[in-house]
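J.: This is the structure I have questions about; it appears just below.
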Amino acid sequence: MVGKEEANTEGQQQIHPSFLRTMEQKNGITSKLAGIKHKIGIYSAKGGVGKTTVAVNLAYTLNDMGYRVGLLDADVDTPNVNLFLGINSVGNAEYPLKPIDKDGVKVISTAMFLDDQKKPIIWRGPIVGKMIYEFLGETAWGELDYLIIDLPPGTSDAPLSIMQLLKMDGFILVTTPQRIAAVNAIRSGMMARRMGISVLGVIENMSGDRPRGAEEVAKEMDCRMLGAVRHDGRMSELSDKGLVPVKEDKEIGRTFTEIAKKIAEA
Ligand SMILES: Nc1ncnc2c1ncn2[C@@H]1O[C@H](COP(=O)(O)OP(=O)(O)OP(=O)(O)O)[C@@H](O)[C@H]1O
Ligand SMILES: [Mg+2]
């Protein structure tokens, strides 16, 4: 078990080799990513709440504010960032991996290494962890102000690998107004804290007139409410076309600017 200490024959405590290996990998990644000032994960255990939407629009907003931004699609087996950005090009799989520059944002995703976007990626946990490790440790990000990481739903391999391998500023939780989403966001926040990762705040997506789910998350997790993004058909229409809503729509742009300002001033 990771992190388990064992007693050797002389009664001394020995650190389990797998824990040592993870720590070595983490130290290696930390030094390779020394040129990145802030690393922020966008997370919720619940699927479909808008993690990718928030990650993409936040990355573009921060870039528009003058920051140097990278966007890592950590949803390695169901990558969506490419679709949201209309990226069709296939990347070069040589090391170090090179992110694609899209409108000034540096993007990397498993989808860039597939010739057919509809092909299923069927990987077991260890391969998912290895892919995350390569994206973190083998990508030539260069100097960045922000690396925004779009996490997959759930609390298993991919989120766990990120939490174990990456020293990050913390997670931004995404919820919708529904209680089930809020409860799952709280679950995600608790998992993050247990792994020693901070919760930077919560965003309510697909929000109505008054945020509901995010209020519960903010209270329960004792974290900041970063903003609410309204439920808006333009959001999915634009994303479906590979267009970025904050670039196309002033009102959506303003909402994300307010959120990004809160993140940047923290
Ligand atoms: N504020 C919004 N208003 C309307 N539609 C939205 C909004 N936010 C996201 N959507 C749409 O909801 C769908 C799910 O969003 P998205 O893919 O960002 O969620 P996700 O949490 O990343 O999902 P997954 O858990 O599968 O990764 C998409 O079609 C997206 O365009
Ligand atoms: Mg997603």
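Numbering (my numbering), first residue to last: 31 to 296.
We put the CB at the ideal spot given by N, CA and C, even for glycine.
1. Under 8 Å by Cβ, that's how I've got I72 and V204 pegged, so tell me the actual separation to the nearest angstrom.
2. Could you tell me the distance, in whole angstroms, from the CA atom of N87 to the CA atom of K132?
3. Using DSSP's beta-bridge definition, name the partner residues of I298.
4. Could you check the C-alpha separation between A89 and Q44 for me, to the nearest Å?
5. Tell me where the alpha helix (DSSP H) around G283 begins and ends.
6. Mind checking who A222 pairs with in its DSSP beta bridge?
7. Say yes only if the C-beta of K76 is nearer than 7 Å to one or more non-hydrogen atoms of ligand 2, and no if none qualify.
8. So, using beta-carbon positions, are T108 and I138 closer together than 8 Å?
9. Select from E267, M236, V232, S269 the residue whose C-alpha is nearest the C-alpha of M251.
10. Taking C-alpha atoms, which residue in G184, T83, A244 lies nearest to Q208?
11. Hey, quick one: how far does the alpha helix (DSSP H) through L101 stretch, first residue to last?
12. Ligand 1 and N214: does any heavy atom of the ligand fall closer than 7 Å to the residue's C-beta?
13. I'd like to know whether the C-beta atoms of L230 and I59 end up nearer to each other than 8 Å.
14. When you compare each of G80, L50, L268, G219 to A248 by their alpha carbons, which one comes out closest?
15. Nearest-angstrom Cα distance between L195 and G121?
16. List in chain order: all unbroken alpha helix (DSSP H) runs of 4+ residues lying wholly within the region 102–152.
17. Distance, Cα to Cα, K160 vs A290?
18. Over the uninterrupted beta strand (DSSP E) stretch that includes M255, give me the two end residues.
19. Once DSSP output is grouped into helix, strand and coil, what is the label at I72?
20. Would you check if the distance between the CB atom of D199 and the CB atom of T140 is smaller than 8 Å?
21. Note down the Cα distance separating L166 from R223, rounded to an integer number of angstroms.
22. Run the CB neighbour count on T285, radius 10 Å, all protein chains shown included, and call it buried at 16 or more, exposed below.
23. Going by DSSP, what residues sit across from D180 in a beta bridge?
24. I'd like to check one pair, D180 with K81: are the Cβ atoms closer than 8 Å?
25. Taking just the CA atoms, how far does M255 sit from P241?
26. Measure the alpha-carbon distance for M265 versus N93 and round it to whole angstroms.
27. When DSSP builds the beta bridges, which residues end up paired with G200?
28. If the criterion is Cβ atoms closer than 8 Å, does the pair V111 and N235 meet it?
T.: Let me lay it out:
1. 6 Å
2. 13 Å
3. Since the first and last residues shown for the chain are 31 and 296, residue 298 lies out of range.
4. 43 Å
5. 280–295
6. Per DSSP, none; premise fails for A222.
7. no
8. No, they are not a contact pair.
9. V232
10. A244
11. Segment 99–103 is the beta strand (DSSP E) holding L101; no alpha helix (DSSP H) there.
12. no
13. no
14. G219
15. 24 Å
16. 111–115
17. One C-alpha to the other measures close to 31 Å.
18. 255–260
19. Looking at I72 - three-state DSSP - the assignment turns out to be strand.
20. no
21. 21 Å
22. buried
23. I72, D103
24. yes
25. 10 Å
26. Near 19 Å, if we compare the C-alpha coordinates of N93 and M265.
27. I70
28. no
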